[in-house]
Amino acid sequence: MKAYASEMIKRDSVFRDIAEKRETLWLNDKYLPYDMVDALCQLIVSDSDIEDAEKRLHRFAPYIMKCFPETVNSRGIIESPLKDIKAMQRRMEKEFDISIPGRLFLKMDSHLPIAGSVKARGGIYEVLKHAEALAVEAGILSYSDNYEQLAEKKYKDFFSRYTVQVGSTGNLGLSIGIMSAALGFRVKVHMSADAKQWKKDLLRSKGVEVIEYNDDYSKAVAEGRRLSDEDPMSYFVDDEYSVALFLGYAVAAKRLKHQLDEMDITVDAEHPLIVYIPCGVGGAPGGILYGLKRIFGDNVHVFFCEPVLFPSVLIGMASDLYEKANVADFDIHGISEADGLACASPSGFVTRIDRNLLSGDFTIQDEKLYTFMRMLMETEDVRIEPSSCAAFIGPHSLMNARNGLSYLKAHDLTPSLMKNATQLCWATGGNLVPEKVWQEYLSK
Ligand SMILES: *Cc1c(COP(=O)(O)O)cnc(C)c1O
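In terms of numbering that gives the first Met the number 0, the sequence shown opens at residue 0 and continues consecutively.
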């Protein structure tokens, strides 16, 4: 164990839980009221950057609609439903003998079109941005064109001269691979040992080159980055640093606001919004958190959820070592069932930009993922992959664990206020899981 880890364990029993791989809740010691960080955050990622991303996605909508008919109903906008899951809420209360106040919702990014995971936001966005930049620079596309024409052979031929590469535990590779291949790019996906076989098979069936590493995620990323940098025609989607990915995820917030408005759900000081997002390297949850804070400020409370084997964002933030932290520093080793969350070191960008915005971080044991997965299927007839189910540890433990209660107290979230709360679990993946793999999941 590293010296800093031992020091942290002496200081706070939460870090003993972490080292002993027990479920726990870390509360962010550097959480600040939104007003105090707003100006500084805008310097790094501004509201106009997020608007720019939204506009880019609109420009591409006619192309997306043409290439992916499943997006016709949303007119080429890649968005997911927001579902009231009262039956799941009641079932959790009964089964665990706990209380979950307010209304419980599921944000179903598990069912996002094209890639079937939250990565359809950031991953696809970054590929589109790169393609647009190349085509505009070559003088074959202008911002006012109808982008539907990108489906024509002439553009595919153009993009086929370029390569896109990415390191992935699975789902990012799927979203980058599917989108890049559709545009005509050559694609290489560098996959870590935790990646599931069906994800590799699916990618290969789309003509993507999958390179397998018998090592963890950070190694797959480092090797992919190195190989891509050697090739001037290659672009690397860098999950550990990419601002473009982050912006693609951040766009989710305004879309969610719109959905809440349509359902007549208020978010204000009397009606808090509490959001739980499964977290791997931090990119997807980090961008969503950032977007939500920019819209809802102090009225939204965002918690990340990580497997007990991979609390990398938690350690990166709590130690202030950011990307230099590694779960191995706490002597944590192992392979998690939550393949999408199996990241030993966090994103340096996200752990910094969200250092004062994240409320806290829950850890969850692998077995619980399957318990929640089955419950959701039985009560709501919704299938989401095990990684995604990490979000349910939030409503499960917030009101019922020591640190959860102290968070509520510190933020004046009284029992009567919590009755008005909207609690939201972010389902991050599942729709592309093959039937055979579901049967394996269900037999665990
Ligand atoms: C990628 C992923 C996450 C978390 O995203 P990070 O950017 O790695 O933090 C959560 N759930 C699923 C299913 C994912 O694929």
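Every residue gets a Cβ at the ideal spot worked out from N, C-alpha and C, and that includes glycine.
(request) Mind the definition here: the segment 160-176 touches the segment 110-118 only if three or more C-beta pairs lie below 8 Å; say whether that holds. (result) yes
(request) Assign residue 200 to buried or exposed, taking buried as 16 or more other Cβ atoms, counted over all protein chains shown, within 10 Å of its Cβ. (result) For the purposes of this step, residue 200 is taken as the residue at position 201 of the sequence shown. So residue 200 ends up on the exposed side.
(request) Check residue 254 in the structure and name its three-state DSSP category. (result) Here residue 254 corresponds to residue number 255 of the sequence shown, with the count starting at 1. Helix.
(request) Give a single yes or no on whether residue 384 has its beta carbon closer than 7 Å to a heavy atom of ligand 1. (result) As a first step, residue 384 is located in the sequence shown; it is residue number 385 there, counting from the start. Checking the Cβ of residue 384 against ligand 1 gives yes.
(request) Report yes if the CB atom of residue 30 is closer than 8 Å to the CB atom of residue 146, and no otherwise. (result) Reading the sequence shown from its first residue, position 31 is the one you call residue 30. Reading the sequence shown from its first residue, position 147 is the one you call residue 146. It is not a contact, given that the beta carbons lie outside the stated cut-off.
(message) Check this for me: beta carbons of residue 464 and residue 347, under 8 Å apart or not?
(response) With the chain covering 0 to 443 only, the question about residue 464 has no answer from this structure.
(message) Rounding to the nearest angstrom, what Cα-Cα distance links residue 368 and residue 106 in this structure?
(response) If you number the sequence shown from 1, residue 368 lands on position 369. If you number the sequence shown from 1, residue 106 lands on position 107. Those two C-alpha atoms are separated by around 17 Å.
(request) Only counting runs of 4 or more residues, tell me where the alpha helix (DSSP H) segments fall wholly within the segment 291-333, in order along the chain. (result) 311-317
(request) Would you list the residues sitting across from residue 426 in a DSSP beta bridge? (result) The residue given as residue 426 occupies position 427 in the sequence shown. According to DSSP, which records beta bridges pairwise, residue 426 is partnered with 107.
(request) Count the other CB atoms, across all protein chains shown, that sit within 10 Å of the CB of residue 265; report buried if there are 16 or more and exposed otherwise. (result) For this step, residue 265 is matched to residue 266 along the sequence shown. Under this definition residue 265 is an exposed residue.
(message) So, for residue 309: in the same chain, excluding its five sequence neighbours on each side, which residues have a beta-carbon less than 7 Å away from its beta-carbon?
(response) Here residue 309 is taken as the residue at index 310 of the sequence shown, counted from 1. 326, 335, 340, 341, 342, 343.
(message) Classify residue 396: buried if its beta carbon has 16 or more other beta carbons within 10 angstroms, exposed otherwise.
(response) Position 397 of the sequence shown, counting from 1, holds the residue named residue 396. Residue 396 should be labelled buried.
(request) Compare the C-alpha of residue 47 against each of 207, 214, 101, 249 and name the closest. (result) On the sequence shown, residue 47 is found 48 positions in, with the first residue counted as 1. Nearest option by C-alpha distance: 249.
(message) Checking 8 Å against the spacing of the C-beta atoms, do residue 292 and residue 124 come in under that value?
(response) To locate residue 292, count along the sequence shown from 1; it is residue 293. To locate residue 124, count along the sequence shown from 1; it is residue 125. No. Outside cutoff.
(request) Check whether the Cβ of residue 223 sits closer than 7 Å to any heavy atom of ligand 1, and report yes or no. (result) The count along the sequence shown starts at 1 and reaches residue 223 at position 224. Because no heavy atom of ligand 1 lies under 7 Å away, the Cβ of residue 223 does not count as near it: no.
(message) Buried or exposed, going by whether 16 or more other CB atoms sit within 10 Å of the CB of residue 442?
(response) Within the sequence shown, residue 442 is the residue found at index 443, counting from 1. Exposed: under 16 other Cβ atoms inside 10 Å.
(request) Keeping to the same chain, check which residues put their C-beta closer than 7 Å to that of residue 8; ignore five residues upstream and five downstream. (result) For this step, residue 8 is matched to residue 9 along the sequence shown. Excluding positions up to five away in sequence, the list reads 14, 15, 18.
(request) Since I believe residue 407 is in contact with residue 25 (beta carbons under 8 Å), could you give me their beta-carbon distance rounded to a whole number of angstroms? (result) Here residue 25 corresponds to residue number 26 of the sequence shown, with the count starting at 1. Here residue 407 corresponds to residue number 408 of the sequence shown, with the count starting at 1. No, residue 25 and residue 407 are not in contact; Cβ-Cβ is about 15 Å, not under 8 Å.
(request) Could you pull the start and end residues of the beta strand (DSSP E) that residue 276 belongs to? (result) Position 277 of the sequence shown, counted from the first residue, corresponds to residue 276. Start and end: 272-277.
(request) Give every residue of the same chain whose Cβ lies closer than 6 Å to the Cβ of residue 228, excluding the five residues on either side of it in the sequence, and list them in chain order. (result) Numbered from its first residue, the sequence shown carries residue 228 at position 229. For residue 228, where only same-chain residues beyond five positions count, there are no Cβ hits under 6 Å.
(request) Check whether the Cβ of residue 306 sits closer than 7 Å to any heavy atom of ligand 1, and report yes or no. (result) Looking up residue 306 in the sequence shown gives position 307. Flag unset: Cβ of residue 306 not near ligand 1.
(message) Do residue 392 and residue 109 count as a contact pair if the criterion is CB distance below 8 Å?
(response) Looking up residue 109 in the sequence shown gives position 110. Looking up residue 392 in the sequence shown gives position 393. The answer is no: Cβ separation not under 8 Å.
(message) Between which residues of its own chain and residue 215 is the CB-CB distance below 7 Å, once the five residues before and five after are set aside?
(response) The residue you call residue 215 lines up with position 216 of the sequence shown. If we look at residue 215 and ignore the five residues flanking it on each side, its Cβ neighbours are 191, 192, 343.
(message) Given 7 Å as the limit, tell me if residue 29 has its C-beta closer than that to any heavy atom belonging to ligand 1.
(response) Position 30 of the sequence shown holds residue 29. Result no, Cβ not under 7 Å from ligand 1.
(message) What residue range does the alpha helix (DSSP H) around residue 347 cover?
(response) Position 348 of the sequence shown, counted from the first residue, corresponds to residue 347. That run of the alpha helix (DSSP H) goes 347-352.
(request) Verify the contact flag: residue 340, CB atom, against every heavy atom of ligand 1, threshold strictly below 7 Å. (result) Here residue 340 corresponds to residue number 341 of the sequence shown, with the count starting at 1. Indeed, a heavy atom of ligand 1 lies less than 7 Å from the Cβ.
(message) With distance defined between alpha-carbon atoms, name the residue in 91, 331, 194 nearest to residue 338.
(response) For the purposes of this step, residue 338 is taken as the residue at position 339 of the sequence shown. The shortest Cα separation from residue 338 among 91, 331, 194 belongs to 194.
(message) Since residue 10 and residue 421 should fall inside the 8 Å C-beta cutoff, what is the C-beta to C-beta distance between them, to a whole number of angstroms?
(response) For the purposes of this step, residue 10 is taken as residue 11 along the sequence shown, with counting starting at 1. For the purposes of this step, residue 421 is taken as residue 422 along the sequence shown, with counting starting at 1. The Cβ separation is near 34 Å, so there is no contact.
(message) To the nearest angstrom, how far is the alpha carbon of residue 78 from that of residue 254?
(response) To locate residue 78, count along the sequence shown from 1; it is residue 79. To locate residue 254, count along the sequence shown from 1; it is residue 255. Roughly 8 Å separates the two Cα atoms.
(message) I'd like to confirm something about residue 277: is its beta-carbon nearer than 7 Å to some heavy atom of ligand 1, or not?
(response) Here the question's residue 277 lines up with position 278 in the sequence shown. Indeed, a heavy atom of ligand 1 lies less than 7 Å from the Cβ.
(message) Less than 7 Å separating the Cβ of residue 387 from some heavy atom of ligand 1?
(response) Here the question's residue 387 lines up with position 388 in the sequence shown. Correct: residue 387 has its Cβ closer than 7 Å to ligand 1.
(message) Quick check on residue 148: does DSSP put it in helix, strand or coil?
(response) Sequence index remark: in the sequence shown, residue 148 carries index 149 (1-based). Reduced to three states, the DSSP call for residue 148 is helix.
(message) Please tell me whether, using a cut-off of 7 Å, the distance from the CB of residue 118 to the nearest non-hydrogen atom of ligand 1 is below it.
(response) For the purposes of this step, residue 118 is taken as residue 119 along the sequence shown, with counting starting at 1. Yes, the beta carbon of residue 118 sits closer than 7 Å to at least one heavy atom of ligand 1.
(message) To the nearest angstrom, how far is the alpha carbon of residue 183 from that of residue 159?
(response) If you number the sequence shown from 1, residue 183 lands on position 184. If you number the sequence shown from 1, residue 159 lands on position 160. Looking at the two C-alpha atoms, the distance is approximately 5 Å.
(message) Just list the residues that DSSP pairs residue 359 with in beta bridges.
(response) The residue labelled residue 359 in the question sits at position 360 within the sequence shown. Residue 359 pairs with 26, 302.
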